[in-house]
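*Asks:* If you scroll down you'll find the structure; I have some questions about it.
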Amino acid sequence: VAGRSTPGGSMTTHHGSRLGGDARALSRRGPAPVARDVKRSMGGRVDPSDEWWLKTPAPNMRDCNGTPQFLEVLAEAGEDTLVVVDFYARWCGACRALHPKLCKIAASDAHSNVIFLKVEFDDNKEMCRNMGVKILPYFHMYKGKAGRVAEFSASLTKVARIRENLAEYNPSGDAPQQ
C-alpha cells in the first residue's frame, strides 16, 4: 500500500488522509449488521451457474478482494480520480440486473477516468460489514482528501442516482447519458 503506518496501526496515504488498519476506519458509522441481515433492494436470487458478474466489464472496472487492495486503489487514485465502489453479491437479482447498466456507464468516454471497483459481498463480508453495507446493491464514491463523498443503495430504477453522483464528483466527464 502506498503510504506509511502510524502508531496504533492506522495508515496515512500519500496525500495525508488517515486510514485505519482495517475498513472500520473507512466507515462513518459503527459496524454494520452480520451478513444474514443484509437486504436486497430488488427481486430474488439468480441461478448459481450464471456467472453474470464476469460479463462485459469495462476496462476501468476492477475486482477488489479485501481491505489491503481497497486501500491500495484509493492511494493510487490520488486527488483527482473518482473511485466508485459497487458492493454486490452473485446471488442478488438486483445486482445482476444493474450490472450491464453499470458496465455501460463505466465504458462511456465521459467516465473513462473513473475507477469502478467491484466488491463481492460474500467474499468480503468483514470488510462490507465494517463499511456499513446493509443492502445490495450498494455504492460508495471516494475522491482524494475528501474521502467518501457519496454512499447510496441503487437498483435498476435508481440508476439515475449513479449518473447524478458521477456528474457531481467527476465534472471533467460529459453530461450524464440516459
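Residues 1 to 178 (full-length UniProt numbering) make up the sequence shown, in order. By construction, the Cβ of each residue, glycine as well, lies at the ideal position given by its N, Cα and C atoms.
(1) If you run the structure through DSSP and keep just helix, strand and coil, what is G132?
(2) Which residue from D47, S49 and W53 puts its Cα closest to that of R121?
(3) Under 7 Å Cβ to Cβ from S112, same chain only, skipping five residues before and after it: list those, please.
(4) Determine whether the beta carbon atoms of M131 and N165 lie at a separation below 7 Å.
(5) At which residues does the beta strand (DSSP E) containing V84 begin and terminate?
(6) In terms of residues, what are the limits of the alpha helix (DSSP H) holding L71?
(7) So the candidates are Y169, S153 and D123; which of them puts its Cα closest to the Cα of T67?
*Replies:* Inspection of the coordinates gives the following:
(1) coil
(2) The amino acid occupying residue 121 in the given sequence is Phe; Arg does not appear at that position. Looking at the Cα atoms, W53 is the closest of the given residues.
(3) These residues qualify, in order along the chain: N60.
(4) no
(5) L82 to Y88
(6) Residues T67 to A77.
(7) For the residues Y169, S153 and D123, the minimum Cα distance to T67 belongs to D123.
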